[in-house]
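Trainee: Here it is, the structure, as structure tokens.
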Amino acid sequence: MSHKTFNDMLSAIDQIIKNHIIPLEPLLLTHQWNALYPKLDQIREQVKAQGLWAPNLPESVGGMSLSMVQLGQISEATGQSPLGHYCFGCQAPDAGNAELLHLYANDFIKQQFLLPLAKGDLRSCFAMTEPHTAGSNPTLLDTTAELIDDHWVINGRKWFTTAADGARFTIVMAVTDPEAPKHARASMIIVPLDNPGYKNLRNISVMGQEGSGYYSHSEVEFTDCKVPANHLIGERGQGFKMAQQRLGPGRIQHCMRWIGIAKRCFELMCQHVNQRKITPSASLADQAIIQAKIAESFAAMNASRCLVLETAKIIDEQGFAAAKHHISMIKFECANMLQSVMDNTLQTMGALGMTDDTIVSFFYREERAARIYDGPDEVHKISLAKSLLKRHL
Ligand SMILES: Cc1cc2nc3c(=O)[nH]c(=O)nc-3n(C[C@H](O)[C@H](O)[C@H](O)COP(=O)(O)OP(=O)(O)OC[C@H]3O[C@@H](n4cnc5c(N)ncnc54)[C@H](O)[C@@H]3O)c2cc1C
29 MSHKTFNDML SAIDQIIKNH IIPLEPLLLT HQWNALYPKL DQIREQVKAQ
79 GLWAPNLPES VGGMSLSMVQ LGQISEATGQ SPLGHYCFGC QAPDAGNAEL
129 LHLYANDFIK QQFLLPLAKG DLRSCFAMTE PHTAGSNPTL LDTTAELIDD
179 HWVINGRKWF TTAADGARFT IVMAVTDPEA PKHARASMII VPLDNPGYKN
229 LRNISVMGQE GSGYYSHSEV EFTDCKVPAN HLIGERGQGF KMAQQRLGPG
279 RIQHCMRWIG IAKRCFELMC QHVNQRKITP SASLADQAII QAKIAESFAA
329 MNASRCLVLE TAKIIDEQGF AAAKHHISMI KFECANMLQS VMDNTLQTMG
379 ALGMTDDTIV SFFYREERAA RIYDGPDEVH KISLAKSLLK RHL
């Protein structure tokens, strides 16, 4: 089905989220994985039939070839449910992996891995962070890949490999050139996960939840894990350069997804305070202290949206390099906005906010990590401040 205008497309997405996806959330909240995944597959088919699949990808691989500004707005709409991005085929880490493979992979990798990934026939993961080295400075990572007899032999341990459970391949970041300058030591290599040298050690319990399948984070190990030399992505030693490329669009998508989450929490907060009586004649909504939370949350959400869309516009018109400051700004600004809006919502809901009877506690538990992954707040603030200070030397 085609959509006459971009706004028609956005409202079609909103309808699917509200009418078909949000009603499935109780299955997620009660961990009924076997019932949930087939239903999500049905919605994915419906999304494809409506021409709304993979908004982040170019048309040449089955996507929609949208601008960053458009992609951002779709990310907000799909972000309203934790099931949204998955149903529209633009979920991290698959989205970033597919974008990366589209830009850098050889023809063999494109055929074997990118095309089925882009169609949603299989899932992938991205293994960079290690438990024993600081992820904030990935030049310290010590997983190795040696080229022996036309094969990469990989050894190392990774963790927080999101969605490794059930994924068919991972992109692993490993040191291939230990003597090179620090930003040219690592490369990205594809490892199919049925490889005997790969082991998923556990789904890590995150604030009490191990999750399952796509909704999980694993600790994984590579022991003399051999893959053919043509599994290298792009050039040898270009791992960090490609990682930056992968994170650029990813941050727009994350930030706008967070605005979608904040919007959903905000709506739940407003509904709750309107109906919750604290005296026979007054509701929570009548209290000035609650009204302040509503006004502040709304202002923060709208300020974040303006900043992200401005960033997306700079990327569309001038490219990623021109948006460097903006990308750092939105990463910490939106993550903190999200935390504050989620916390206001949970607080105004009282004990109900702590339960899994609403989606708020899921968001609160899962999205605390927004201030940590893809670069913690501190790293983005340091990088932005250093660059700004140089202007005033
Ligand atoms: C839910 C979730 C999903 C993730 N998914 C993936 C994934 O799919 N693949 C993957 O490879 N990784 C993933 N990660 C890992 C993530 O990228 C790292 O956690 C992140 O890079 C930070 O690294 P670290 O945890 O080792 O923290 P560290 O580097 O040890 O830093 C710890 C803390 O120190 C502070 N800090 C760091 N540097 C500085 C500094 N220079 N100055 C001052 N303070 C500083 C920050 O507060 C930071 O949070 C995920 C993490 C989470 C929580």
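According to my numbering, the sequence shown is numbered sequentially starting from 29. Note that beta-carbon positions come from the ideal geometry of N, C-alpha and C, so glycine has one too.
So, is Met297 buried or exposed, given that buried needs 16 or more other C-beta atoms within 10 angstroms?
Mentor: Start at 1 with the first residue of the sequence shown, and residue 297 comes out as number 269. Its Cβ being crowded by 16 or more others within 10 Å, Met297 is buried.
Trainee: Gln115 to Arg72, Cα distance in whole Å?
Mentor: Position 87 of the sequence shown, counting from 1, holds the residue named residue 115. Position 44 of the sequence shown, counting from 1, holds the residue named residue 72. Note on residue identity: the sequence assigns Cys, not Gln, to residue 115. Each residue's Cα considered, the two are about 5 Å apart.
Trainee: Am I right that Glu249 and Leu221 are in contact with their C-beta atoms under 8 Å? What's the rounded C-beta distance?
Mentor: As a working note, residue 249 is residue 221 in the sequence shown. As a working note, residue 221 is residue 193 in the sequence shown. About 12 Å; that fails the 8 Å criterion.
Trainee: With a CB to CB cut of under 6 Å and the five nearest residues on each side skipped, what residues in its chain are close to Asn372?
Mentor: Sequence index remark: in the sequence shown, residue 372 carries index 344 (1-based). Closer than 6 Å at Cβ, skipping near neighbours: Lys321, Ser325.
Trainee: Please report the residue range of the beta strand (DSSP E) in which Val301 lies.
Mentor: As a working note, residue 301 is residue 273 in the sequence shown. Segment 267-303 is the alpha helix (DSSP H) holding Val301; no beta strand (DSSP E) there.
Trainee: What's the C-alpha gap between Leu421 and Thr339?
Mentor: The residue you call residue 421 lines up with position 393 of the sequence shown. The residue you call residue 339 lines up with position 311 of the sequence shown. Each residue's Cα considered, the two are about 26 Å apart.
Trainee: Inspect the CB distances between the region 250-265 and the region 337-355 and report whether three or more fall short of 8 Å.
Mentor: The region 250-265 is not in contact with the region 337-355.
Trainee: Near Ser244, which residues of its chain fall below 7 Å by C-beta distance, leaving aside the five closest residues on each side in sequence?
Mentor: One-based indexing of the sequence shown puts residue 244 at position 216. So the list reads Ala191, Asp193, Asn231, Glu238, once near-sequence residues are dropped.
Trainee: May I ask you to report which of helix, strand or coil DSSP gives Trp81?
Mentor: As a working note, residue 81 is residue 53 in the sequence shown. Note: Trp81 maps to coil in three-state DSSP.
Trainee: Alpha helix (DSSP H) containing Ser411: first to last residue?
Mentor: Along the sequence shown, read from residue 1 onward, the residue named residue 411 stands at position 383. Element bounds for Ser411: 405-418.
Trainee: With H, G and I counted as helix, E and B as strand and the rest as coil, what does DSSP make of Met29?
Mentor: Residue 29 sits at position 1 when you count from the first residue of the sequence shown. Because the pLDDT of Met29 is 48, which lies under 50, any placement of that residue in the model is unreliable, and the number read from its coordinates should be weighed accordingly. Correct three-state label for Met29: coil.
Trainee: Rounded to whole angstroms, what's the CA-CA distance from Ala328 to Leu335? Just pull it up for me.
Mentor: Counting from one through the sequence shown, the residue named residue 328 turns up at place 300. Counting from one through the sequence shown, the residue named residue 335 turns up at place 307. Rounded to the nearest angstrom, the two C-alpha atoms are 11 Å apart.
Trainee: Go ahead and label Ile317 buried or exposed: buried means 16 or more other beta carbons lie within 10 angstroms of its beta carbon, across all protein chains shown.
Mentor: As a position in the sequence shown, residue 317 is number 289, starting the count at 1. Exposed is the call here.
Trainee: Would you check if the distance between the CB atom of Ile287 and the CB atom of Glu158 is smaller than 7 Å?
Mentor: Taking the sequence shown and counting its residues from 1, the one referred to as residue 287 is at position 259. Taking the sequence shown and counting its residues from 1, the one referred to as residue 158 is at position 130. Contact: no.
Trainee: Got a sec? Which residues, its chain only, sit under 6 Å from Lys46 by beta carbon, not counting five neighbours each side?
Mentor: Counted from its first residue, the sequence shown places residue 46 at position 18. Counting only Cβ-Cβ distances below 6 Å, and skipping sequence neighbours, we find nothing.
Trainee: How big is the Cα-Cα spacing for Met29 and Leu52?
Mentor: On the sequence shown, position 1 is the one that residue 29 refers to. On the sequence shown, position 24 is the one that residue 52 refers to. Low confidence applies to Met29: its pLDDT is 48, below 50, so where it sits in the model is not reliable enough to give any reading.
Trainee: Let's see if you can read the secondary structure: which residues bound the beta strand (DSSP E) around Asp252?
Mentor: Along the sequence shown, read from residue 1 onward, the residue named residue 252 stands at position 224. Element bounds for Asp252: 245-256.
Trainee: Compute the Euclidean distance between the alpha carbons of Thr161 and Ala271, then round it to the nearest angstrom.
Mentor: For the purposes of this step, residue 161 is identified with residue 133 of the sequence shown, where counting begins at 1. For the purposes of this step, residue 271 is identified with residue 243 of the sequence shown, where counting begins at 1. One C-alpha to the other measures close to 17 Å.
Trainee: Using a Cβ-Cβ cutoff of less than 6 Å, which residues in the same chain neighbour Leu94 once the five nearest sequence positions on both sides are dropped?
Mentor: The sequence position of residue 94 within the sequence shown is 66, counting from 1. Correct list, in chain order: Pro83.
Trainee: Are there 16 or more other CB atoms within 10 angstroms of the CB of Gln299, so buried, or fewer, so exposed?
Mentor: Along the sequence shown, one-based indexing puts residue 299 at 271. Exposed.
Trainee: Quick one: give me the first and last residue of the beta strand (DSSP E) that Thr373 is part of.
Mentor: Within the sequence shown, numbered from 1, the residue matching residue 373 stands at position 345. First-last for Thr373: 352-377, but that is the alpha helix (DSSP H), not the beta strand (DSSP E).
Trainee: Any heavy atom of ligand 1 closer than 6 Å to the beta-carbon of Asn400?
Mentor: Your numbering for residue 400 matches position 372 in the sequence shown. Checking the displayed sequence, the identity of residue 400 turns out to be Ile instead of Asn. Correct: Ile400 has its Cβ closer than 6 Å to ligand 1.
Trainee: How would you write the range of the beta strand (DSSP E) that Lys227 sits in, first residue to last?
Mentor: Numbered from 1 along the sequence shown, position 199 holds the residue referred to as residue 227. Its beta strand (DSSP E) spans residues 226-231.
Trainee: Under a Cβ-count criterion, where at least 16 other Cβ atoms within 10 Å of its own Cβ denotes burial, should Thr171 be classed as buried or exposed?
Mentor: Sequence index remark: in the sequence shown, residue 171 carries index 143 (1-based). Label assigned to Thr171: buried.
Trainee: Within 10 angstroms of the Cβ of Ser233, are there 16 or more other Cβ atoms? Answer buried if so, exposed if not.
Mentor: For the purposes of this step, residue 233 is identified with residue 205 of the sequence shown, where counting begins at 1. Classification for Ser233: exposed.
Trainee: Along the alpha helix (DSSP H) that carries Val92, what are the first and last residues, could you check?
Mentor: As a first step, residue 92 is located in the sequence shown; it is residue number 64 there, counting from the start. Reading off the sequence, residue 92 comes out as Met, not Val. Neither: Met92 is in no alpha helix (DSSP H) and is coded neither H nor E.
Trainee: Between Leu143 and Val89, which are expected to be in contact by the criterion C-beta below 8 Å, what is the C-beta distance as a whole number of angstroms?
Mentor: Reading the sequence shown from its first residue, position 115 is the one you call residue 143. Reading the sequence shown from its first residue, position 61 is the one you call residue 89. Yes, they are in contact, since the Cβ atoms of Leu143 and Val89 sit about 7 Å apart, within 8 Å.
Trainee: Any idea if Thr383 is buried or exposed, counting beta-carbon neighbours within 10 angstroms, 16 or more meaning buried?
Mentor: In the sequence shown, counting from the first residue as 1, residue 383 sits at position 355. Exposed: under 16 other Cβ atoms inside 10 Å.
Trainee: Check for me: the beta strand (DSSP E) holding Gly37 runs from which residue to which?
Mentor: Here residue 37 refers to the residue found at position 9 when the sequence shown is read from its first residue. It should be pointed out that residue 37 corresponds to Met in this sequence rather than to Gly. Per DSSP, Met37 belongs to no beta strand (DSSP E); it is in the alpha helix (DSSP H), 34-44.
Trainee: Looking only at its own chain, which residues have a Cβ that is under 7 Å from the Cβ of Asp122, when we skip the five neighbours before and after it?
Mentor: Here residue 122 corresponds to residue number 94 of the sequence shown, with the count starting at 1. Excluding positions up to five away in sequence, the list reads Leu145, Arg151, Ser152.
Trainee: Taking DSSP as the reference, what is the three-state secondary structure of Asn223?
Mentor: On the sequence shown, position 195 is the one that residue 223 refers to. Reduced to three states, the DSSP call for Asn223 is coil.
Trainee: Going by beta-carbon coordinates alone, are Asp405 and Phe360 separated by less than 7 Å?
Mentor: Translated into the one-based positions of the sequence shown, residue 405 becomes position 377. Translated into the one-based positions of the sequence shown, residue 360 becomes position 332. Yes. Within cutoff.
Trainee: Please state the DSSP three-state secondary structure of Ser332.
Mentor: Residue mapping note: residue 332 aligns to position 304 of the sequence shown, counting from 1. Residue state, collapsed to three classes: helix.
Trainee: Have a look at Gly148, Val407, Ile217 and flag the residue whose alpha-carbon is nearest the alpha-carbon of Leu128.
Mentor: Taking the first residue of the sequence shown as position 1, residue 128 is located at position 100. Considering only alpha carbons, the answer is Ile217.
Trainee: Using the Cα positions of Phe197 and Leu169, report the straight-line distance between them to the nearest angstrom.
Mentor: Counting from 1 along the sequence shown, the entry for residue 197 is found at position 169. Counting from 1 along the sequence shown, the entry for residue 169 is found at position 141. Roughly 20 Å separates the two Cα atoms.
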